[in-house]
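Visitor: Sequential numbering of the sequence shown, starting at 825, is according to the numbering used here. Questions regarding the structure given below will be posed in turn.
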Amino acid sequence: MDSSPAKRRKISESGASIPNGSVLEAAASSAGVYRPSPFILETEELLSEIKIDPSEALKGADQLLHKIKGAIETLDPHGPLPINDAVKRFENESGIRIPFPDPKPPKDSQYKLSLERPTVFNVVGSYVSKTMIKSQGDMAVDMVVEMPQGMFQEKDYLNLRYFYKRAYFLAHLAAQVRKELGLEVSFARLNDNPLVPALRVSAAQDTKDSARSKSGATVRIIPCAPDRLFPRNKLLSTSNAVRPPGGAEDKETTPAPTPFYNSTLKAEGLYFTYLKALRLTEKVSPAFKDACALGRVWLQQRGFGASISRGGFGHFEWSLLLSLLMQSNRRRKSGDQQSALSSALSSHQMFKAAIQFLAKADLADGSRKPVVLGKLGDVNIESVREPSPVLYDAARQLNFGFKMSPWSAAMLKRQAKWTLDVLNNSTVNQFTAAFITKADVPLQIFDLLVQVPCPSADEARTPGSQGGMFEFASRVHRILKRALTGRAQLIHIKLPEQRSWSPSKSPKLATESDTLLVGVIFDPAEMGRKVDHGPSAEEKAEARKYRQFWGERSELRRFKDGNIQETLIWTHDTPFGVCKEIVNYILKLHLKMDASELEFYGNGFTSLIHAKASDAAAYSTAREAFSTLERDIRSLEDLPLQVRHVAPAAPELRSSSVKAPQLDQPRAPYRPMDVVISFEVSSKWPDNIAAIQRTKVAFLLKIGDLLSSANSSITTHVGLEDAEHEHENLAFLDIVYDEGAVFRLRVHSDLEETLLDRQTKDKTLEQFARTESASFLATSRRRFTHLPLLNQTISTFCTRFPALSLTIRLVKHWFASHKLTNHFLPEVVELAALHAFMNPAPWQIPSGPVTGLLRTLMLLARWDWRDEPLIVDPSGDMDAAARQAVSARLTAWRRTLDPAMNRTVLLIATPADETGTAFTSADGRALPSRVAASRMTALARSACRLVRERDPAQLEPRMLFAPSLADYDVVLHLDGPTVKRLRAAGGGGGGDAGAAKSRFKNLDGSATGARPPLARDPVGALLGRLEDAYGAALVLFRGAADDLAVGGIWNPTVQRRSFRVNLPCSFRPVGSSSAAAAAAAAARKRKGDDRDVEVDSDDSYNSGDDDDVVEVNREAMLSEMARIGGDLIQSIEVKGS
């Protein structure tokens, strides 16, 4: 954007301002005028892909249009007849029910209906403008038939008279088409507008022409009025055109305006006018059609359309908006006027300019600041104002946004703002966010979804309105908007779509099965507020209104500062619970709806991890316990070196563990919380890595002794790591507080990393030694450098984004449910969730855990990790050059360094780790493996597809977390009691206290003190051994700690091969199984020789030409695994056995 944009041009006649030409063109120029950015190239490719030829897509449509026109031209006219007589005669003769709008004409009506043969026909819409795209839903051809002016009288704009005559004319068209052509016809409300039904004619049932019956073309016949049939000054937004029944007008009361009725009636005469205007714009601007196609895609991906149920803003409104923004350019005669939008812009520039206009314009409340396009002239701005959204075409005096609702206008503005943020951010994939991502999935947008039952009848309370269901939705919106003021950023309502109906029946009214879907986006900082302060007692009028709205829930309270205010107290502990309580209460108060009638969606996810309101306090308690530990360590005086840092490195200390720490429950099972300590730089450290490791042990012993001596409530235990080399970290110190906190302390030495780095670069060493040193160096940096930094980052952003903590916990639970825990470090999951918050396009930052979870899963589903790194930049320090360097590094890994992806599969870069491998590799191998990463992607895609295709009412949260054991070749079933007993043996935490007692009194924990925490979880230790021994042949998948089923998939790359030394796992000669050996022996006996015979899996055998072929010895491996597991493994299930 320009740093000093031009001033906006204010249109004094309208009181509303729109961005002037320089602003919109500057915005468009930032999309890239002089160089083809990736967004421009991808947009051009999209346009080439989505365009279709209407004549090819709707074969036979032109012939069908001509036949329909010919049939209508044979219509039998008749003179004026009383409406009741005309209706009875027609319905009895044709069997067609006339689709009158509600309320239907009274029986004592004196109206007269006549019928004349139409002479003006035309085709409008995307079929004639050739702007159809492949993905649009309804590929119908719109045929407009102008009703002759002689059918109408001067006062027919009043009391639905015009719409009654229109319905009568439409019914005759239906009868004539069905009679003359034998086609299938049905009625449908045009764009869900109950005042203007349309006739749908389908060629699929054409019995007279078999060739056309295969085309499937659908024509929508739309009657319209002649231009300026009624005076426009009679149809202003402030005018009333539907008078009270019986003429009982109160002279002292001004009738309420009917803006929707008036706009609908004015729009009836503008079909051909707008057709000419759009045709003219197409000639002036070569890129106009493409800009309209881009707008159609953008609107479609966000659920917008021309119908009322889809927001009332579709392809026509988008095209008209662009056209009106460019018209000022054609009217410009001198340089003193500025164009709103230049017709010379390219399609993507026009698209961005339109998005900026929608993001800046305030459409939701037309009574405050209506948006006027063009000069009003003699029209007063007050006559334009109306409480519904306003997009006013001043030249034709029509609010072409009249089908929009306040909530759809607010959603359109917010969606445009989100897209504008994307287009102004070069670090995100602009094209995918703008055009590819399906951005209207309710559970991915809204923090709260509630299904509200509709009234059982669709009769409008106000004649000439959008219908009873719309009026009910408007009432729900007004109530919730006021009740959730300060909490809700956006309230949106999804109306049920209107269906077509048979001409022989009346249109279907709303039933109890019809529901509204209300979605709310909350302000996370205000969502959980438990006390609402209303007006003070001195503001009597405001206080009376407040009590009237809130009922008995509002009470007068005095506060410590002396103020006396109306106050609301909410009792639920969780933010979601508070908002649910408010919605339940206010809808019951104003709409008499019980809580049992409302269905809430989205609150079932957090219950899967047993999240509670007290979890935040539990994490805070853990951090306070760490602060206590840090003070205790820093207060030690006899340490040989000064303490420099004591850094947390545990999920419990950054609010990201699946289960909240339970430090106040001594019996609760616990895992020690990792902590890293580093000392000042000193020459006292030995210059040998092995000696440094032993010095660390001495430090830990010293720290343990000093802590135990200084504080009697502290118990310390030095434990040994499961190290296989003397250069690895050898020991840790477990610090146990009597209050319940347990920490695992490790010592960091800068000199150790320096020596390892030196060995890695020393070319005089053997290659295996350098590779080994590189692996130790990566482990050391991950544990002592990157992990503490990540801990600080996640902790900071969990404070900044209240929903991040629960999101991380849910995503970790998803990984655990699908048995991916042992393949992904917890830090990988945390970085993925953080990236979903830092780059939320095409939405805003998630304000709820459900939206955070589903967007993280969408990120994992869309991430092409084979060719794209995941760059998580929470500080914003990585410039374009740094990002390109990360991408180049991944390219190098894929092309030369590791094309088989044995050492690196995922690349997740951060400002602190631009290599991207800190948390995605371990011990020189990829973590996760390619198999595990592929499974993650497949599961995430399945979850996203489920969320996208299922209605929220049909989606159970557990569906996303339900694992399938049928996918595994082998399933190890662990013995629950044994696992529980082994875990209880460490530290005395959890389980049955008696299970941890020894048979010998002198070895019992009560005599020797509390048992130290387990150095490693027994199940994790077992699986680690199994993976080391058999991981090359069998890929194991493990879930959470309490998951007693371990899945296994045989590695498809480890197949039959020639025998050689150092095979990756246990192999056997082909045909050496018991059945195969018996067959081979019998064969040799029959042949009378001793030659070796190879027996294939299908029990055939060949003579010994391939004696050296071996295969994986699966039976032996599984037997060895059962022996190694001992009592831990209850059974082994093999697929197909």
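Built from N, CA and C at the ideal position, the CB exists for glycine as well. Note that the coordinates shown come from a computational prediction; the quantities given were computed from them, not determined experimentally.
For LEU1554, tell me which candidate among ARG1570, THR1617, ALA1602 and PRO901 has the shortest Cα-Cα distance.
Guide: Your numbering for residue 1554 matches position 730 in the sequence shown. Out of ARG1570, THR1617, ALA1602 and PRO901, ARG1570 has the C-alpha closest to the C-alpha of LEU1554.
Visitor: Quick one: what does DSSP say ASP1688 is sitting in, helix, strand or coil?
Guide: Residue mapping note: residue 1688 aligns to position 864 of the sequence shown, counting from 1. Here ASP1688 sits in coil by DSSP.
Visitor: Run the CB neighbour count on ASP1385, radius 10 Å, all protein chains shown included, and call it buried at 16 or more, exposed below.
Guide: Reading the sequence shown from its first residue, position 561 is the one you call residue 1385. Exposed, by the Cβ-count rule.
Visitor: I think PHE1084 touches GLY1288, with their Cβ atoms under 8 Å apart; what is that distance to the nearest whole Å?
Guide: By one-based count along the sequence shown, residue 1084 stands at place 260. By one-based count along the sequence shown, residue 1288 stands at place 464. Indeed they touch by this definition, with Cβ atoms about 7 Å apart.
Visitor: Which residue spans inside the segment 1266-1352 form an unbroken alpha helix (DSSP H) run of at least 4?
Guide: Whole alpha helix (DSSP H) segments, 4+ residues: 1266-1269 and 1292-1307.
Visitor: Who are GLY1543's beta bridge partners in DSSP?
Guide: Taking the sequence shown and counting its residues from 1, the one referred to as residue 1543 is at position 719. Paired residues: PHE1556.
Visitor: Quick one: residues in its chain with C-beta nearer than 7 Å to the C-beta of ALA881, no 5 flanking neighbours on either side, listed in chain order?
Guide: Along the sequence shown, one-based indexing puts residue 881 at 57. These residues qualify, in order along the chain: MET956 and MET963.
Visitor: Measure from the alpha carbon of PRO1230 to the alpha carbon of each residue in LEU1222, ARG1220, LEU1215 and LEU1655, then state which is nearest.
Guide: In the sequence shown, counting from the first residue as 1, residue 1230 sits at position 406. It is LEU1215 whose Cα lies nearest to the Cα of PRO1230.
Visitor: Hey, how far is the Cα of LEU1019 from the Cα of MET1783?
Guide: Position 195 of the sequence shown, counting from 1, holds the residue named residue 1019. Position 959 of the sequence shown, counting from 1, holds the residue named residue 1783. Rounded to whole angstroms, LEU1019 to MET1783 spans 43 Å at the Cα level.
Visitor: On the three-state DSSP scale, how would you describe ILE1953?
Guide: Walking along the sequence shown from the start, residue 1953 turns up at place 1129. DSSP places ILE1953 in strand when its eight states are reduced to three.
Visitor: Given a cut-off of 8 Å, decide if ALA1856 and TRP1874 are closer than it, judged by their beta-carbon atoms.
Guide: On the sequence shown, residue 1874 is found 1050 positions in, with the first residue counted as 1. On the sequence shown, residue 1856 is found 1032 positions in, with the first residue counted as 1. For TRP1874 and ALA1856, no; Cβs fall outside 8 Å.
Visitor: Going by DSSP, name the residue or residues bridged to ASP1737.
Guide: On the sequence shown, residue 1737 is found 913 positions in, with the first residue counted as 1. Paired residues: THR1734.
Visitor: Can you tell me the Cα-Cα spacing of ALA1177 and LEU1146, whole angstroms?
Guide: Taking the first residue of the sequence shown as position 1, residue 1177 is located at position 353. Taking the first residue of the sequence shown as position 1, residue 1146 is located at position 322. One C-alpha to the other measures close to 9 Å.
Visitor: Just mark ILE1317 as buried or exposed, buried being the case when its beta carbon has 16 or more other beta carbons within 10 Å.
Guide: Numbered from its first residue, the sequence shown carries residue 1317 at position 493. Answer is buried; the Cβ neighbour count reaches 16.
Visitor: Near ARG2017, what residues of its chain come up, given a Cβ to Cβ distance below 6 Å and the 5 sequence neighbours on each side ignored?
Guide: One cannot answer for residue 2017 here, as it falls past the ends of the chain, which runs 825 to 1961.
Visitor: For PRO1626, which residues in the same chain have their Cβ closer than 6 Å to its Cβ, ignoring the five residues on either side in sequence?
Guide: Mapped onto the sequence shown, residue 1626 falls at position 802. The residues are PRO1348.
Visitor: Which residues in the same chain as SER1599 place their Cβ atom closer than 8 Å to its Cβ, once the five residues preceding and following it in sequence are excluded?
Guide: Walking along the sequence shown from the start, residue 1599 turns up at place 775. The answer, listed in chain order, is ASP1747 and GLY1748.
Visitor: Between the Cα of ASN1248 and the Cα atoms of ASN1663, GLU1851 and LEU1806, which residue gives the shortest distance?
Guide: The residue given as residue 1248 occupies position 424 in the sequence shown. When only C-alpha atoms are compared, the closest one is ASN1663.
Visitor: State the start and end residues of the unbroken beta strand (DSSP E) segment that holds MET967.
Guide: As a first step, residue 967 is located in the sequence shown; it is residue number 143 there, counting from the start. Taken as a continuous stretch (DSSP letters only), the beta strand (DSSP E) holding MET967 covers 964-970.
Visitor: When you compare the segment 1349-1357 with the segment 1397-1409, are there three or more beta-carbon pairs, one atom per stretch, that lie closer than 8 Å?
Guide: The segment 1349-1357 vs the segment 1397-1409: in contact.
Visitor: In angstroms with no decimal places, state the Cα-to-Cα distance between LEU899 and ASP877.
Guide: For this step, residue 899 is matched to residue 75 along the sequence shown. For this step, residue 877 is matched to residue 53 along the sequence shown. Each residue's Cα considered, the two are about 33 Å apart.
Visitor: In this structure, does DSSP put ALA1906 in helix, strand or coil?
Guide: Reading the sequence shown from its first residue, position 1082 is the one you call residue 1906. With a pLDDT of only 42 at ALA1906, under 50, the local geometry of the prediction cannot be trusted, and the value read off the model is given with reservation. The answer is helix: DSSP assigns ALA1906 an H, G or I state.
Visitor: In its own chain, which residues sit with a C-beta less than 8 Å from the C-beta of ASN1086, not counting the 5 before and 5 after it?
Guide: As a first step, residue 1086 is located in the sequence shown; it is residue number 262 there, counting from the start. If we look at ASN1086 and ignore the five residues flanking it on each side, its Cβ neighbours are LEU1059, LEU1060, SER1061, SER1063 and ALA1065.
Visitor: Could you tell me how far apart the beta carbons of PHE1883 and VAL1936 are, in whole angstroms, since I believe they sit closer than 8 Å?
Guide: Walking along the sequence shown from the start, residue 1883 turns up at place 1059. Walking along the sequence shown from the start, residue 1936 turns up at place 1112. Not confirmed; about 13 Å, so no contact.
Visitor: Relative to the C-alpha of PHE1373, which residue among TYR981, SER1330 and THR1391 is closest?
Guide: For this step, residue 1373 is matched to residue 549 along the sequence shown. Measuring from the Cα of PHE1373, the nearest candidate turns out to be THR1391.
Visitor: Give me, in chain order, the residues of the same chain whose beta-carbon lies closer than 6 Å to that of ALA1565; leave out the 5 immediate sequence neighbours on both sides.
Guide: Numbered from its first residue, the sequence shown carries residue 1565 at position 741. Excluding residues within five positions, the ones whose Cβ falls inside 6 Å are ALA1449 and LEU1487.
Visitor: Between ARG1377 and GLY1119, what straight-line distance do the alpha-carbon atoms span, to the nearest angstrom?
Guide: Taking the sequence shown and counting its residues from 1, the one referred to as residue 1377 is at position 553. Taking the sequence shown and counting its residues from 1, the one referred to as residue 1119 is at position 295. When rounded, the distance between both Cα atoms is 47 Å.
Visitor: What span of residues does the alpha helix (DSSP H) with PHE1373 cover, start to end?
Guide: Working through the sequence shown from its first residue, we reach residue 1373 at position 549. PHE1373 -> alpha helix (DSSP H) spans 1364-1374.
Visitor: Can you tell me whether SER1882 is helix, strand or coil according to DSSP?
Guide: For this step, residue 1882 is matched to residue 1058 along the sequence shown. Three-state result, SER1882: strand.
Visitor: In whole angstroms, give me the CA-to-CA distance for ALA1742 and ARG1605.
Guide: Counted from its first residue, the sequence shown places residue 1742 at position 918. Counted from its first residue, the sequence shown places residue 1605 at position 781. The straight-line gap from Cα to Cα measures roughly 8 Å.
Visitor: With a cut-off of 8 Å, do at least 3 Cβ pairs link the segment 1727-1735 to the segment 1641-1656?
Guide: The segment 1727-1735, when compared against the segment 1641-1656, does touch it at the 8 Å Cβ threshold.
Visitor: How long is the line joining the alpha carbons of ALA1946 and VAL1843, rounded to whole angstroms?
Guide: On the sequence shown, residue 1946 is found 1122 positions in, with the first residue counted as 1. On the sequence shown, residue 1843 is found 1019 positions in, with the first residue counted as 1. Taking the straight line from one Cα to the other gives about 13 Å.
Visitor: Run the CB neighbour count on ILE1953, radius 10 Å, all protein chains shown included, and call it buried at 16 or more, exposed below.
Guide: Numbered from 1 along the sequence shown, position 1129 holds the residue referred to as residue 1953. Classification for ILE1953: buried.
Visitor: Are LEU889 and MET971 closer than 8 Å when you measure CB to CB?
Guide: Position 65 of the sequence shown holds residue 889. Position 147 of the sequence shown holds residue 971. Their beta carbons are not under 8 Å apart, which means LEU889 does not touch MET971 by this criterion.
Visitor: Would you tell me roughly how many angstroms separate the C-alpha atoms of GLU1379 and GLN1389, rounded to the nearest one?
Guide: Position 555 of the sequence shown, counted from the first residue, corresponds to residue 1379. Position 565 of the sequence shown, counted from the first residue, corresponds to residue 1389. Each residue's Cα considered, the two are about 8 Å apart.
Visitor: Quick check on DSSP: helix, strand or coil for ARG1220?
Guide: For the purposes of this step, residue 1220 is taken as residue 396 along the sequence shown, with counting starting at 1. Coil at ARG1220, not helix or strand.
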